[in-house]
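Accompanying notes for the structure given below.
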Amino acid sequence: MPADSSGASTVKRHPLDVRVAHWVAAVSFILLGLSGLGLFTPGLFFLTALFGGGETARWLHPWLGLALALSYLVLFIRFIGSCLWAQEDTTWMSHLSDAMSGREEKLPEIGKFNPGQKLYFWGMALLIVVLLVTGVVIWQAYFSTLTTIETQRMAVLIHSIAAVLAILGFIVHIHMVTWEPGTLRAMINGTVTGGWAWKHHRKWLRQVTGTKH
Amino acid sequence: MTNLWTDIRSADLVIVMGGNAAEAHPCGFKWVTRAKAERGAKLIVVDPRFTRTAAVADYYAPIRPGTDIAFLSGLIKYCIDNGKVQWDYVKPFTNAALIVKEGYGFKDGLFTGYDPAKRTYDRSSWAYEIGPDGYVKVDETLAHPRCVWNLLKEHVAAFTPEMVERICGTPKDKFLHIAAMVGEMSAPNKTMTSMYALGWTQHSYGSQNIRTMAMLQLILGNVGLRGGGVNALRGHSNIQGLTDIGLMSELIPGYLNMPHDNEPDLATYLKTRTFKPLRPNQISYWQNYPKFMVSFLKAMWGDAATKENDYHYDWIPKLDKPMYDMLLAFEMMAHGEMNGYVCQGFNPLLSISNRAKATAGLSKLKFLVVMDPLDTETANFWANHGDFNNVDPTKIQTEVIQLPTTCFAEDEGSLTNSGRWLQWHWAGADPPGQAKGDRWIMAQIHLRMKALYQKEGGKLPEPILNLDWRYKDPGNPTPDELAREMNGSALADVKDPTDKKKVLVPQGKQLPSFAFLRDDGSTACACWIYSGCYPEAGNAMARRDNTDVGDAGLFPKWAFSWPVNRRILYNRASCDLTGKPWDPTRKIIEWNGTMWTGYDVPDMLPTAKPETVMPFIMVPEGVGRLWVAGLMADGPFPSHYEPFESPVANVVAPAVHGNPAARVFAGDLKDMGDAKQYPIVGTSYRLTEHFHFWTKHNRVNAALQPEFFVELSEQLAKAKGIANGSWVRVWSKRGSIKAVACVTKRIKPMTIDGKTVHMVGVPLHWGFMGVARKGFGPNSLTPVVGDANTNTPEFKAFLLDIEPSTPPSV
Amino acid sequence: MASRAMNVVRTSATSTANAQVTFHDEVVKLIDVSKCIGCKACQTACLEWNDQVLDIGEFTGSYQVPSDLTPSMFTLMRFNEWENPKTGELEWLIRKDGCMHCADPGCLAACPAPGAIVQYDNGIVDFVAENCIGCGYCVKGCPFNIPRISAEPAKAHKCTLCSDRVAVGEGPACAKACPTEAIVFGTKPDMLKHAAGRLTDLKSRGFDNAGLYNPDGVSGTHVMYVLPHADQPELYSDLPRDPRISPWVRTWKGATKTYTSLAAMAVFVVGAFVHHVGTGANRVSSEDEEKGRRVIEGRD
């Protein structure tokens with residue numbers, strides 16, 4: 041039986057490719073956020089200094105966007121099966137306050153991802169598609185002639201709104217990681233402790249261990 | 030120009046016909062916009078295409094290329110029929126009342142005296158009737174059937190608005206609209222200015238196109254007035270200077286004639302040119318011809334030219350043909366009769382009609398010298414450039430010598446503009462590379478030839494050995510020295526003819542004007558009309574005082590205007606018979622009771638009484654010519670003929686298609702296409718983005734109009750299946766070219782004599798050298814036929830066909 | 002005109018970008034379409050004064066060359082052949098296109114780079130290449146489709162109204178080169194007066210709808226047109242009838258969007274913190290670990 045250094049039992053949660061994709065997505069998201077916010081409002085233009093100035097931020101941002109989109113595509117393929125809506129998810133959602141208060145005993149047993157994670161997954165997927173499409177439309181260097189300027193005006197507004205929503209989601213995502221200790225390791229060494237799995241994703245634990253309820 | 034560029038601002042009506050002033054003369058066109066904005070003047074454009082001038086016109090009417098005489102004859106008829114004649118001007122100031130001698134006639138398109146074998150007229154029947162006093166007979170009542178006015182009425186009788194529409198394709202209502210606008214200008218205080226260019230000259234009857242307008246302007250009383258006149262827009266900053274200085278085979282400077290071989294001595298030569306007045310008290314200024322000619326000969330050979338040796342008139346070459354024009358030169362080359370050619374600032378491979386003939390001619394030369402600041406197509410006529418110059422260099426033996434010269438901005442000197450202003454300019458840059466000034470090159474050739482003659486002798490070396498060449502640096506005469514020579518100087522004291530003790534100009538001094546020229550060898554003057562440009566006081570051409578004296582738009586202190594700084598020619602006619610301005614608000618000069626005074630140099634002896642001496646001092650009659658007795662080769666009146674290649678028969682004279690007196694060589698006549706094979710009218714023109722074949726060497730110009738195209742109507746494009754921006758092939762009997770199609774609403778099919786006629790416009794700025802895209806020009810298509818008087822080739826009206834095509838091979 | 006120091010009144014991506022400004026000694030370039038002969042002297046002068054090199058392209062079926070504004074061609078004669086249905090006559094409408102120097106410039110409002118676009122107190126709107134990041138937001142901000150972005154380096158380009166010439170008392174190069182005085186330059190009152198004279202002339206020639214194009218939607222412009230058909234500005238190669246900064250751009254660059262977004266982010270961060278502190282971390286207990294172990298070992 042696998043165990044970690046503290047002696048807790050462990051269970052494999054994320055294989056290497058998923059973890060790599062996640063961190064590529066995470067890093068590019070953060071850089072996108074910083075460079076994007078730099079162009080988002082003059083008050084944050086100073087953020088572009090992190091990239092060596094506005095010009096670099098401007099040309100780097102769309103390439104980072106591609107990196108995010110590609111890495112998220114990997115995550116999407118790997119996670120979609122686990123992110124389909126399950127029956128218990130609806131029940132879980134109706135007990136959202138319990139979920140947010142950590143009263144998981146009042147919740148149904150949950151698979152690999154809880155409904156909040158699933159929503160984040162689908163939400164991010166949608167937002168990244170929106171950001172990608174609108175981003176290409178306003179990618180001045182290569183695609184400025186493909187669409188009308190009026191389309192680009194819409195695109196740039198939608199892009200910024202989508203980005204804000206993604207950042208809000210991202211805040212929740214980070215918060216959840218810190219709120220549920222033991223989560224981050226899933227994306228570092230790929231494992232979680234048996235207790236973490238028992239507590240948060242019992243159904244998944246049973247599935248990966250082949251045991252029945 | 031009878032007037033000057035800045036004077037156009039004083040017009041009430043501007044008619045641009047036979048030109049495209051906004052496009053080809055954009056800077057001068059400023060004065061049209063001024064006239065419109067400041068005087069409320071109207072602008073009429075009559076042109077086969079809706080041009081950029083038409084874009085700012087008040088009224089535009091289309092016209093088929095080559096039918097201007099019919100249109101203008103129609104206007105003359107309209108004015109006569111509708112009382113739009115300024116009689117107080119026409120009666121005293123034109124030859125309307127003069128009587129033509131019996132025997133003159135005009136029938137079926139031919140004037141009396143035609144010799145079909147020689148294609149020339151015996152003009153003796155076109156003379157005036159001379160009375161017993163030796164002067165032309167006059168009938169001031171205009172009742173005499175052979176007075177000019179009645180002959181004119183009869184001559185234009187056929188040109189009703191319906192006939193104009195039938196020939197020109199100009200809808201009747203449009204013609205009448207224009208006729209009404211033009212007719213208003215017969216009021217004494219209204220003037221119309223005519224602006225024309227190569228749209229009138231480049232026809233087999235080009236000179237007569239211009240004459241018809243001159244006649245109309247005389248009838249309207251518009252010649253000699255501010256905002257009036259007949260104004261040639263010269264196509265080059267100094268082409269006026271070229272003709273003034275006599276750079277044509279039949280001219281010597283100042284519009285003196287090159288002698289013919291039947292004029293062996295000076296007396297014979299002068300006899301037919303020293304015109305005596307044909308009416309009492311008239312000036313007939315050409316009476317002074319001997320003074321101009323002798324002073325010219327003195328400028329040529331200095332001390333060697335003496336009274337005893339006829340001022341060495343014998344050293345002037347004598348013509349055996351009317352002229353050795355460009356068309357004749359290439360005809361001779363084609364027949365191996367001309368073996369060497371010096372091309373100075375000229376690109377004939379793209380400029381002369383029928384490029385195939387030009388290539389053939391150049392290929393037969395022993396040597397070709399090209400003096401040019403640019404690497405011209407002519408200098409590279411032997412090089413293969415794919416479809417653009419499809420020659421086999423191995424078959425061409427011509428030795429080509431290129432002598433790179435300076436551009437205008439790299440040299441100083443004067444340029445003579447359309448308004449006859451001699452404007453001095455200074456060098457703005459040093460010549461690049463091995464480029465040398467034209468004067469240096471010519472002087473070096475002269476000195477070397479002179480040395481060879483000195484050493485080896487040869488036939489008639491004297492004209493060259495004795496050429497007056499007293500320049501500070503004989504190897505490089507300066508513009509200043511040449512300008513002083515053109516102005517003329519006193520070789521001996523010039524004395525007052527009425528008081529021999531009074532010295533008017535001391536020996537060695539510059540002459541104040543040509544009034545001081547003498548025919549006794551005491552003055553030298555290389556170009557009499559330029560005399561006064563460089564008087565003792567200094568270079569008048571360099572004056573830059575733009576004071577607008579009297580707010581008259583004449584700027585008399587700016588540069589120098591020939592003759593004698595006169596800004597408006599025939600300005601005496603701006604006043605009525607008593608010497609009062611027709612329009613006091615547009616005074617030029619007036620008679621103050623004892624002399625002529627005003628803002629301009631009077632075109633009249635200062636003390637000549639207004640009621641006695643008539644305004645047109647250069648002609649023996651003293652009056653403007655509605656009828657030209659002897660000068661025009663193709664008739665005393667202009668007559669409508671078809672272009673040599675035209676889509677319809679000549680409806681007014683079916684038996685005589687084209688101008689019967691136009692010069693055309695037998696071989697070229699065979700190269701004329703007919704409307705069955707080539708149903709579409711072609712015309713050629715400039716575009717404002719370019720200047721000739723120069724600016725395709727300039728990046729900015731080339732970028733702003735990069736590629737050769739031809740223009741055609743939407744209707745023709747549809748009929749031929751041609752898309753805008755696609756490649757087409759255009760061909761005539763003489764050649765075939767490829768171009769990008771410009772399908773436009775600015776060209777419309779016309780109905781000519783009941784038949785639909787299409788037109789294709791061919792601009793001229795492309796070749797195979799320079800930085801613009803390689804292309805062709807109209808001269809690959811145009812026929813070789815010259816105007817009867819000037820031999821200017823017929824570039825503006827020819828026949829072609831068009832079809833969709835593929836890009837040319839490079 | 003006298004030379005005069007030009008003071009900056011608006012700077013992109015700073016607090017002044019959307020401020021109310023007061024102009025002094027406003028200048029106007031007045032383009033009289035009715036006098037324009039389409040000679041392209043303005044384009045030539047523009048290329049030469051600004052030391053720009055234009056590629057030698059192809060003829061595409063119109064005198065309009067290049068076919069559009071480019072990063073090096075700041076002004077362009079646009080040609081439109083129009084058959085006037087009222088008169089049945091062809092009119093060749095030629096309009097010199099280029100920056101309108103709006104009083105309320107959309108480019109400046111849209112620009113994210115501080116100091117990349119400035120507006121001077123005489124009304125000239127100028128791009129400052131060293132501050133430009135080449136993002137193309139000015140293109141989206143402009144209601145007239147004027148700025149063009151060059152490839153390398155990526156910078157926005159447009160007519161400067163020859164601010165360098167104006168600063169030393171000269172008029173713009175295009176006005177200097179225009180042979181027919183279709184382009185004139187001077188103080189705003191002078192130009193309005195000149196335009197009024199032109200309109201009187203045009204109306205006397207039957208252009209009843211002649212008018213001055215100085216659109217209110219952008220609070221007026223410092224390049225104005227005298228149009229014979231001012232009732233149909235779109236005839237002149239799509240000159241906008243009622244140009245204004247697009248509502249999309251207004252929303253995008255508006256304070257509401259910025260503050261709402263930043264506030265939302267702040268609320269989320271604070272909310273997360275409060276949630277964390279309030280509920281405490283959702284830790285895995287040793288009991289859970291034990292249960293988990295048992296499941297893993299298959300003992301459940």
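Chains as they are written, first to last, in this note's numbering: chain A, 41 to 253; chain B, 30 to 839; chain C, 2 to 301.
Cβ atoms here follow ideal geometry from the backbone N, Cα and C, with glycine treated the same way.
When the Cβ atoms of the stretch 660-677 of chain B are set against those of the stretch 88-102 of chain B, are three or more pairs found closer than 8 Å? yes
Which residues, taken in chain order from the stretch 7-31 of chain C, show a beta carbon closer than 7 Å to some beta carbon of chain B? none
Go through its chain and collect everything with a Cβ distance to G142 of chain B's Cβ below 8 Å, but skip five positions before and after it. Start at 1 with the first residue of the second sequence, and residue 142 of chain B comes out as number 113. If we look at G142 of chain B and ignore the five residues flanking it on each side, its Cβ neighbours are Y150, D151, R152, S153, S154 and W155.
Opposite N81 of chain C in the DSSP bridges: which residues? Mapped onto the third sequence, residue 81 of chain C falls at position 80. Paired residues: C:L94.
Give me the subset of the stretch 201-232 of chain B whose CB atoms are less than 7 Å from a CB atom of chain C, sorted by chain position. none
Could you tell me the alpha carbon to alpha carbon distance between L192 of chain C and D26 of chain C, rounded to whole angstroms? By one-based count along the third sequence, residue 192 of chain C stands at place 191. By one-based count along the third sequence, residue 26 of chain C stands at place 25. It is worth fixing the name first, because residue 192 of chain C is Met in this sequence and not Leu. C-alpha separation (whole angstroms): 12 Å.
Among all the DSSP beta bridges, which residues are the ones paired with Y714 of chain B? Within the second sequence, numbered from 1, the residue matching residue 714 of chain B stands at position 685. BP columns for Y714 of chain B point to B:P792.
Compute the distance between the beta-carbons of I95 of chain C and A732 of chain B, then report whether it is under 8 Å. Translated into positions along the third sequence, residue 95 of chain C becomes position 94. Translated into positions along the second sequence, residue 732 of chain B becomes position 703. Not closer than 8 Å, so no.
Spell out whether any CB of chain C is found under 8 Å from the CB atom of L739 of chain B. In the second sequence, residue 739 of chain B corresponds to position 710, counting from 1. A quick correction: the sequence has Val, not Leu, at residue 739 of chain B. The beta carbon of V739 of chain B does not come within 8 Å of any beta carbon belonging to chain C, so the residue lies off that interface.
Over the uninterrupted alpha helix (DSSP H) stretch that includes W116 of chain B, give me the two end residues. Counting from 1 along the second sequence, the entry for residue 116 of chain B is found at position 87. W116 of chain B -> alpha helix (DSSP H) spans W116 to F122.
Any beta carbon from chain C within less than 8 Å of Q247 of chain A's own beta carbon? The count along the first sequence starts at 1 and reaches residue 247 of chain A at position 207. So, not an interface residue.
Between the Cα of G235 of chain B and the Cα atoms of B:L828, B:F824 and B:I831, which residue gives the shortest distance? Taking the first residue of the second sequence as position 1, residue 235 of chain B is located at position 206. Comparing Cα-Cα distances from G235 of chain B to each of B:L828, B:F824 and B:I831, the minimum goes to B:F824.
For G258 of chain B, which of B:D294, B:I268 and B:R240 has the nearest alpha-carbon? Working through the second sequence from its first residue, we reach residue 258 of chain B at position 229. Ranking B:D294, B:I268 and B:R240 by Cα distance to G258 of chain B puts B:R240 first.
Rounded C-beta distance between E514 of chain B and W344 of chain B? I'm assuming under 8 Å. Against the second sequence, residue 514 of chain B aligns to sequence position 485. Against the second sequence, residue 344 of chain B aligns to sequence position 315. The Cβ separation is near 18 Å, so there is no contact.
Residue range of the beta strand (DSSP E) that Q452 of chain B falls in? Counting from one through the second sequence, the residue named residue 452 of chain B turns up at place 423. That run of the beta strand (DSSP E) goes W450 to H454.
Give the residues of chain C in contact with D36 of chain B, contact being defined as C-beta atoms less than 9 Å apart. Here residue 36 of chain B corresponds to residue number 7 of the second sequence, with the count starting at 1. Result: empty, since nearest Cβ-Cβ is about 17 Å, beyond 9 Å.
So does the stretch 263-273 of chain C actually touch the stretch 245-252 of chain C, counting three or more Cβ pairs closer than 8 Å? no
A90 of chain B bridges to which residues according to DSSP? The residue given as residue 90 of chain B occupies position 61 in the second sequence. B:V75, per the DSSP bridge assignment.
When Cβ atoms are compared, which residues of the stretch 226-240 of chain A fall closer than 7 Å to chain F? Here chain F cannot be found, since the structure's protein chains are A, B and C.
Extent of the continuous beta strand (DSSP E) run through Y214 of chain C: Start at 1 with the first residue of the third sequence, and residue 214 of chain C comes out as number 213. Going by DSSP, Y214 of chain C is part of the beta strand (DSSP E) stretching over G212 to Y214.
Neighbour list for L197 of chain A in chain C, Cβ cutoff strictly below 7 Å: Position 157 of the first sequence, counted from the start, is the residue given in the question as residue 197 of chain A. Correct list: W249, T252 and W253.
With H, G and I counted as helix, E and B as strand and the rest as coil, what does DSSP make of R692 of chain B? Within the second sequence, the letter at position 663 stands for residue 692 of chain B. Of the three classes helix, strand and coil, the one that applies to R692 of chain B here is strand, per DSSP.
Where A566 of chain B falls: helix, strand or coil (DSSP): As a position in the second sequence, residue 566 of chain B is number 537, starting the count at 1. A566 of chain B: coil per DSSP, three-state reduction.
At a Cβ threshold of 8 Å, is V800 of chain B touching chain C? Along the second sequence, read from residue 1 onward, the residue named residue 800 of chain B stands at position 771. Judged by the 8 Å Cβ criterion, V800 of chain B is in contact with chain C.
At which residues does the alpha helix (DSSP H) containing C47 of chain C begin and terminate? Within the third sequence, residue 47 of chain C is the residue found at index 46, counting from 1. That run of the alpha helix (DSSP H) goes A42 to W50.
Opening and closing residue of the alpha helix (DSSP H) in which R68 of chain B lies: Position 39 of the second sequence, counted from the first residue, corresponds to residue 68 of chain B. Following the DSSP letters along the chain, one finds R68 of chain B inside the alpha helix (DSSP H) bounded by residues K59 to R68.
Is it right to say T614 of chain B is buried, meaning 16 or more other beta carbons lie within 10 angstroms of its own, or is it exposed? Residue mapping note: residue 614 of chain B aligns to position 585 of the second sequence, counting from 1. Only exposed fits T614 of chain B, as fewer than 16 other CB atoms lie within 10 angstroms of its CB.
Using a cut-off of 9 Å between C-beta atoms, extract the partners of F183 of chain A located in chain C. Within the first sequence, the letter at position 143 stands for residue 183 of chain A. Correct list: empty, because the minimum Cβ distance to chain C is about 10 Å.
Which whole runs of the alpha helix (DSSP H) in the stretch 149-204 of chain B are 4 residues long or more, in chain order? 177-185 and 190-197
Looking at C-beta atoms only, is the number of pairs between the stretch 39-54 of chain B and the stretch 33-47 of chain C that lie closer than 8 Å three or more? yes
In whole angstroms, what is the alpha-carbon distance linking L172 of chain A and L110 of chain A? Within the first sequence, residue 172 of chain A is the residue found at index 132, counting from 1. Within the first sequence, residue 110 of chain A is the residue found at index 70, counting from 1. In a straight line, the C-alpha of L172 of chain A is about 10 Å away from that of L110 of chain A.
Interface partners of R294 of chain C on chain A, CB under 7 Å: Position 293 of the third sequence, counted from the start, is the residue given in the question as residue 294 of chain C. For the C-beta of R294 of chain C, the chain A residues within less than 7 Å are, from N- to C-terminus, S49 and G234.
CA nearest to the CA of L175 of chain C, picked from C:Y237, C:I134, C:I32 and C:I150: Along the third sequence, one-based indexing puts residue 175 of chain C at 174. First, the amino acid is wrong: residue 175 of chain C is Cys here, not Leu. Cα-wise, what sits closest to C175 of chain C is C:I32.
So which residues on chain B does G99 of chain C lean against when the C-beta distance must stay under 9 Å? Within the third sequence, residue 99 of chain C is the residue found at index 98, counting from 1. The contacting residues do not exist; G99 of chain C stays about 15 Å from chain B at best.
So is Q536 of chain B in contact with chain C if we call contact Cβ pairs under 8 Å? For the purposes of this step, residue 536 of chain B is identified with residue 507 of the second sequence, where counting begins at 1. No, its Cβ sits nowhere closer than 8 Å to a Cβ of chain C.
I need the DSSP call for D26 of chain C, collapsed to helix, strand or coil. By one-based count along the third sequence, residue 26 of chain C stands at place 25. D26 of chain C falls in the coil class under three-state DSSP.
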